[in-house]
Structures are given as structure tokens and as C-alpha cells.
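For any residue, its number in the working numbering is found by taking its place in the sequence shown, counting from 1, and adding 1387.
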Amino acid sequence: HMPSISDRALVALSVAVSRFGLPEKRLLKKLTAEVCQPHRFVRIHPNMLVVVLHSYAKMDMRDKVLLESICGLLARGCHRLDPQPLCSLAFSLGRLGVRGPAWKAIAE
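What follows is the structure, encoded as C-alpha cells:
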């Protein structure tokens, strides 16, 4: 049923899973696969991607595919983020142990 869920509902699902503290790995893999779909990934606002990443960070779930996709996008488009999502992004990347070009983009 994942392909029929709206973009906002996918983000809300990631938040709900993290709030309940139930890192259901199968569900999170499906969520990652759906968020990273090319047709969906270009539609989702960067702030929403930060919320998804923050949800994974709160559960200490280091999903390599999601991290590479989001970091690649945000390394080029970090300047479009407001201060609050930028702080959430920095928290999430730090908690997940991410290093690299994403930090340079945040610093600018």
C-alpha cells in the first residue's frame, strides 16, 4: 500500500514510528524505498526530508540509502532550509555519525 500513500502521510508515518519507539525494520525499509523513489523524491520538500531523517535519527536507524539520497540533495540545496529544519538536520547527521559534504553545506 506504500505507493498509494501521499508524501505527507509518508512523513507522518516516519514520525509516528519514531514517537512510539518501534523501529520496525521491514516497515522502515519500505518507507525508505518509497521516499527515495525518483518520482516522489523530487516532489517532497527538503523540510519534509529533514523530518524523515530526524525520525530515523531518533531511533538510531542509520539507513545508508536514505542518508546518501538526502545528503546528496541537501548538500546542494541546504541554503533553502529555514533555521529550525537546518538545526534538526545538523542534530540528525550528528546523531547518525554522518561526515562529509553535507556539513560544509550546513556551515555556509
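The C-beta atom is built at its ideal place from N, Cα and C for all residues, glycine as well.
Run through DSSP, which three-state label would aspartate 1447 get? It is coil, neither helix nor strand.
Through-space distance from aspartate 1469 to methionine 1389, alpha-carbon basis: 29 Å
Should aspartate 1447 go down as buried or exposed, given a rule of 16 or more other Cβ atoms within 10 Å for buried? exposed
Check each candidate in Val1398, Gly1487 and Trp1490 and name the one with the smallest Cα separation from valine 1437. Val1398
Pop quiz: alanine 1420 and arginine 1482 are said to be a contact at Cβ under 8 Å. What is the actual Cβ separation, rounded to whole angstroms? The beta-carbon separation of alanine 1420 and arginine 1482, rounded to 22 Å, does not stay under the 8 Å limit for a contact.
6 Å CB neighbourhood of lysine 1417 in its chain, flanking five on each side removed: The answer, listed in chain order, is Met1389.
Just mark valine 1452 as buried or exposed, buried being the case when its beta carbon has 16 or more other beta carbons within 10 Å. Valine 1452 is exposed by the Cβ-count criterion.
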